Amino acid sequence: MWCDGCRVFCMICHAIRFYLPREQFVSITPSDLLKSHSALVISKMEKAKFSPSALTSTRGALHMAQIVICVVTFAVSYVWGKPFHTYWIYCMVVWGLCPIISLVITIVEMFLIHKLILVFCMDWDDFTTGMAMMASLCTFSCTVMFANFYICRKCIWGWMVTILSAVCCALYCVETFRDKCDATRSATYVAALPGFVKILEAFVACIILISLIGYVGKPALLWCIVAYVIPLPLTLLTIITNIMTKLRKCLPVDRLTMIFLIISVLLYISAAILWPAYSFKDNPRPKDCPGYSCIWSIQFVVTFMTYVNLGLYITDLVFTWCVQSNSPLEHSSHFSGIIRRTMLFGLSLSQCFRILEMVFCALALIIPMFRGPMSSPYGIWCEFVWVFGLIVAVVIFVVEKCLVDKLIELLVLKHSWNDLSCGLSLLASLMLLSACLIYCTVFVCSTCIADMICAIASILAFGVYVVDAVMLKLKCPAGYLSSVRGILRFSQAFVACLIFTAVYSYFKGVENRFRPLGLIWCILVYVVCFPPTVVVIPSHLQKCVDLLRFCNLNKLELVLDIVAVALYVSAAILWPVYGYKHYKRDSKIHDYRFHDLNLVTVLTYVNLGLYLADLIWTLIVLYKK
Numbered sequence: 001m002w003c004d005g006c007r008v009f010c011m012i013c014h015a016i017r018f019y020l021p022r023e024q025f026v027s028i029t030p031s032d033l034l035k036s037h038s039a040l041v042i043s044k045m046e047k048a049k050f051s052p053s054a055l056t057s058t059r060g061a062l063h064m065a066q067i068v069i070c071v072v073t074f075a076v077s078y079v080w081g082k083p084f085h086t087y088w089i090y091c092m093v094v095w096g097l098c099p100i101i102s103l104v105i106t107i108v109e110m111f112l113i114h115k116l117i118l119v120f121c122m123d124w125d126d127f128t129t130g131m132a133m134m135a136s137l138c139t140f141s142c143t144v145m146f147a148n149f150y151i152c153r154k155c156i157w158g159w160m161v162t163i164l165s166a167v168c169c170a171l172y173c174v175e176t177f178r179d180k181c182d183a184t185r186s187a188t189y190v191a192a193l194p195g196f197v198k199i200l201e202a203f204v205a206c207i208i209l210i211s212l213i214g215y216v217g218k219p220a221l222l223w224c225i226v227a228y229v230i231p232l233p234l235t236l237l238t239i240i241t242n243i244m245t246k247l248r249k250c251l252p253v254d255r256l257t258m259i260f261l262i263i264s265v266l267l268y269i270s271a272a273i274l275w276p277a278y279s280f281k282d283n284p285r286p287k288d289c290p291g292y293s294c295i296w297s298i299q300f301v302v303t304f305m306t307y308v309n310l311g312l313y314i315t316d317l318v319f320t321w322c323v324q325s326n327s328p329l330e331h332s333s334h335f336s337g338i339i340r341r342t343m344l345f346g347l348s349l350s351q352c353f354r355i356l357e358m359v360f361c362a363l364a365l366i367i368p369m370f371r372g373p374m375s376s377p378y379g380i381w382c383e384f385v386w387v388f389g390l391i392v393a394v395v396i397f398v399v400e401k402c403l404v405d406k407l408i409e410l411l412v413l414k415h416s417w418n419d420l421s422c423g424l425s426l427l428a429s430l431m432l433l434s435a436c437l438i439y440c441t442v443f444v445c446s447t448c449i450a451d452m453i454c455a456i457a458s459i460l461a462f463g464v465y466v467v468d469a470v471m472l473k474l475k476c477p478a479g480y481l482s483s484v485r486g487i488l489r490f491s492q493a494f495v496a497c498l499i500f501t502a503v504y505s506y507f508k509g510v511e512n513r514f515r516p517l518g519l520i521w522c523i524l525v526y527v528v529c530f531p532p533t534v535v536v537i538p539s540h541l542q543k544c545v546d547l548l549r550f551c552n553l554n555k556l557e558l559v560l561d562i563v564a565v566a567l568y569v570s571a572a573i574l575w576p577v578y579g580y581k582h583y584k585r586d587s588k589i590h591d592y593r594f595h596d597l598n599l600v601t602v603l604t605y606v607n608l609g610l611y612l613a614d615l616i617w618t619l620i621v622l623y624k625k
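Right, dumping it as C-alpha cells:
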C-alpha cells in the first residue's frame, strides 16, 4: 500500500514538474500534491453516473438477451421438475449464475463504475471478456448434457430447454467473438491465453467432479477424487490473484503458481493411471447401456476429461516456466546444470527430449508386441501412433544432429525447420493423447501389469511431446504447420483417422442389416474428404509446389472446405439416423458396438466444426487479400 502511494506521489510530481515552470514547481508543497491526487480521484468518481447508452448499445442488447434467455431456460427446466441428478443441478447452477454475472456487468457499465474499478482494482475489459468465454463454455456443456440425458422423441420440455440453452450459448459466443475482435479492448490475463487455459482447467475439473460415480468401496478411486478436488481451488485462487492487480503485487504469485501447477500435474498423473485401471477392471461395457443412465459411459467421460486436464496442466506448467525464466528453456538457469552435463555428450536439451520420446514410444510399442499382433482396431491404432511418434522423434533427432536442417530448409521447405518440427510435435502429442485414452480404457486392468507399464510409457511419451511442442511453439516459428490454420488441417486428418478406426470396429463382423445405405454413404464421405485434406498440408510446406500449381491455393482450399462441410453435414444427419435406427438392445453383437456408434457420431460433429472453422478462416484470408 505504501509503495503504491509513493508511486502515485512520484507520478504526480513528474506530471506537475513537466507542465509547470520551475519557479512555480519549487513553490508547491506536499499538501498541494495530496490535494491534486484527491482531485484526480474525485474526477474519476464524478464519471460514475448513469449512462443509458449501456443498455441501448449492441453490447447492452446482448446482455439483456442473455439475461432473459437464461432466466427463461432456468424457469422452464425448473417447472419441468426433473430429478435432482448432478448434471441437472449443474445446468441449473449455470443458468442461474450466468444471468447474474451479466446483470452485474450491465449495472456496473450502466453507472460507469467500471472506470473506478479500472483505476483501483482490475482490468475491466479483460474480466468481462473472460466471463463471456467462461459462460460460453458452461452453457455449451449444459446444452450437450441436456441433449444427451433428457431428450427423447416425446419430451417436448426437454427439447425446449435444450434449444433455449443453445440460444444462450450462441449469445455468449457472439459476445466473446465481438470482444476478441475489438482492438480497443485489452486482454491482460483472463481473456488472453494463460487465463483461458486456467478457465479450461477449472471447467474440465467441474465436469469431472459432477461425473464421478462408481467409486464406493474402492480406495484407489477415492484417491482419484482427492486428486481431482485439490487442484480446483488452487486454480481458482490463481485466477483471482492474477485478476486482482493490487493483490498480485502483494503476493509471490509466480512462485505459488509454479508450486500449484507441479502439484496438480502429479495428482492428475496418478489419477490418469488409477481411474481407468480400477474403473474398467472386469467391467466391460454392459449389453444394455442407455446413454442417459449408463455408469460405464460416465466413467469413460471421467477418464477422457482426466487426460484432457492432464494435458492442459502440463502445457500450463511448461508455458509458465518459460515465461518466468524470460528466455527459452535451454538458456534458463533452472536447466543450466543439465545443459552443461548433456553438452558433454554433444546433446542439447531438445535432443534429450527426442531421446526420451524414442525410448518411451519404443517401450509402449514393444510390450504389447510380445503377446502377438493386435486384432482390435483400437489396438492397431495405438500401435500406429507409437510407431509414428518413434519415427518423428528419430527423424528430427537425426536431421538436427547431422546439421542438415538448414539444408532441408533451403532446398525443400517454404517455411522454417522449426515450423515443421513444431507442427509434427503437436500432431504427435494429439495422437499420443488418443492412444493413452484408448489403451487405458480398453486394455488396462488392475491385474494387467504389462498393460499398465505400457500405458505409463505412453503417458510419459505424451508428456515429453507436449513439453517439446510447447518449447518449440514459444520460439514463435513463422510458417504454416505450427500456425492455427495448419493445426486445423492436421486435426481434421487426425479426427478422420479416429473415425476410420471406430467405423472399422463397428462394421467388423456385423450382419448386413446393420450396414444400411445411409451408413455406407457416410463412409464414402469420410473417405472422400480425407485425401484432399492430407494433400493440402504438404502443398503449404514444399517449395516445388509453387512451381507446379496454376491457381490460387486459398481458392482451392475454399472449394475443398465448402465440399467437405456439405458432405459432413449429410454424414452428421445420416449416421445417427441410420445407426441408432437399427440398434436393437436385445442384439448381443450390436450392443457391444454401441460405443462405436457414439464415437463416430461425436467425431463427425467435431470434424464438421473443424471444417467450418477452416472455411471461415479461408474466407477471412481471401477477404484480406
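Numbering (full-length UniProt numbering), first residue to last: 1 to 625.
C-beta atoms are modelled at their ideal positions from N, C-alpha and C, and glycine is treated no differently.
Please read these numbers as outputs of a predicted model, since none were measured by experiment.
At which residues does the alpha helix (DSSP H) containing residue i begin and terminate?
{"i": "Lys414", "result": "First-last for Lys414: undefined, no H or E at that position."}
{"i": "Val392", "result": "Pro377 to Lys401"}
{"i": "Gly260", "result": "A small correction: the amino acid at residue 260 is Phe; Gly does not occupy that position in the sequence shown. Per DSSP, Phe260 belongs to the alpha helix (DSSP H) from Val253 to Ser279."}
{"i": "Ser570", "result": "Leu553 to Lys581"}
{"i": "Phe111", "result": "No alpha helix (DSSP H) contains Phe111, which DSSP labels as neither H nor E."}
{"i": "Gly518", "result": "Leu517 to Ser539"}
Is it buried or exposed, residue i, if we count other Cβ atoms within 10 angstroms and call 16 or more buried?
{"i": "Leu390", "result": "buried"}
{"i": "residue 639", "result": "Because the chain in this structure spans residues 1 to 625, residue 639 falls outside the shown range and cannot be described."}
{"i": "Gln324", "result": "exposed"}
{"i": "Tyr578", "result": "buried"}
{"i": "Phe300", "result": "buried"}
{"i": "Phe594", "result": "buried"}
{"i": "Ile100", "result": "exposed"}
{"i": "Arg255", "result": "exposed"}
{"i": "Leu547", "result": "Note on Leu547: pLDDT 48, under 50, position unreliable in the model; no value is reported."}
{"i": "Tyr623", "result": "exposed"}
{"i": "Ser57", "result": "exposed"}
{"i": "Ser211", "result": "buried"}
{"i": "Ile199", "result": "buried"}
Indicate whether residue i and residue j have their beta-carbon atoms separated by less than 7 Å.
{"i": "Ile69", "j": "Val167", "result": "yes"}
{"i": "Trp381", "j": "Leu365", "result": "no"}
{"i": "Cys529", "j": "Ala564", "result": "yes"}
{"i": "Leu103", "j": "Ile151", "result": "no"}
{"i": "Ala272", "j": "Ala227", "result": "no"}
{"i": "Asp468", "j": "Phe353", "result": "yes"}
Residues in its own chain within less than 7 Å of residue i by CB, not counting five upstream and five downstream?
{"i": "Ile438", "result": "Tyr378, Trp381 and Cys382"}
{"i": "Tyr480", "result": "His415, Asp419, Gly486, His540 and Leu541"}
{"i": "Trp575", "result": "Leu519, Cys522, Val600, Thr601 and Thr604"}
{"i": "Ile207", "result": "Ser141 and Met305"}
{"i": "Val392", "result": "Leu424 and Ala428"}
{"i": "Ile621", "result": "It should be pointed out that residue 621 corresponds to Val in this sequence rather than to Ile. Counting only Cβ-Cβ distances below 7 Å, and skipping sequence neighbours, we find Asn554."}
{"i": "Ala132", "result": "Tyr172, Glu175, Thr176 and Asp179"}
{"i": "Thr241", "result": "Leu247, Arg248, Leu251 and Val253"}
{"i": "Gln351", "result": "Phe397, Glu400 and Lys401"}
Counting only beta-carbon atoms, is residue i nearer than 7 Å to chain B?
{"i": "Ala135", "result": "The question asks about chain B, but that chain is absent: this structure has only one protein chain."}
How many Å lie between residue i and residue j at the Cα?
{"i": "Ile573", "j": "Trp321", "result": "45 Å"}
{"i": "Ala362", "j": "Val394", "result": "11 Å"}
{"i": "Val253", "j": "Leu62", "result": "35 Å"}
{"i": "Ala493", "j": "Val525", "result": "13 Å"}
{"i": "Ala191", "j": "Leu237", "result": "17 Å"}
{"i": "Cys173", "j": "Ile537", "result": "29 Å"}
{"i": "Val359", "j": "Ala461", "result": "8 Å"}
{"i": "Ile225", "j": "Val535", "result": "45 Å"}
{"i": "Asp125", "j": "Glu109", "result": "11 Å"}
{"i": "Lys154", "j": "Trp296", "result": "26 Å"}
{"i": "Thr303", "j": "Asn309", "result": "10 Å"}
{"i": "Ile239", "j": "Leu247", "result": "11 Å"}
{"i": "Met97", "j": "Leu209", "result": "Looking at the sequence shown, residue 97 is not Met but Leu. Roughly 18 Å between the two C-alpha positions."}
{"i": "Leu274", "j": "Leu221", "result": "7 Å"}
Whose C-beta lies closer than 6 Å to the C-beta of residue i among residues of the same chain, with five residues either side of it excluded?
{"i": "Val606", "result": "Val495"}
{"i": "Ala608", "result": "One point to set straight first is that residue 608 is Leu, not Ala, in the sequence displayed. The residues are Tyr568 and Ala572."}
{"i": "Leu558", "result": "Thr618"}
{"i": "residue 626", "result": "The shown model of the chain, from 1 to 625, leaves out residue 626, and the question about it has no answer."}
{"i": "Cys422", "result": "Leu472, Lys473, Pro477 and Ser482"}
What does a CB cutoff of less than 8 Å around residue i pick up in its chain, not counting 5 residues either side in sequence?
{"i": "Val197", "result": "Leu312, Thr315, Asp316 and Phe319"}
{"i": "Thr129", "result": "Thr176, Asp179, Lys180, Arg185, Ala187, Val190 and Ala191"}
{"i": "Leu488", "result": "Leu610, Ala613, Asp614 and Trp617"}
{"i": "Met92", "result": "Phe74, Ser77 and Tyr78"}
{"i": "Ile408", "result": "Val399 and Trp417"}
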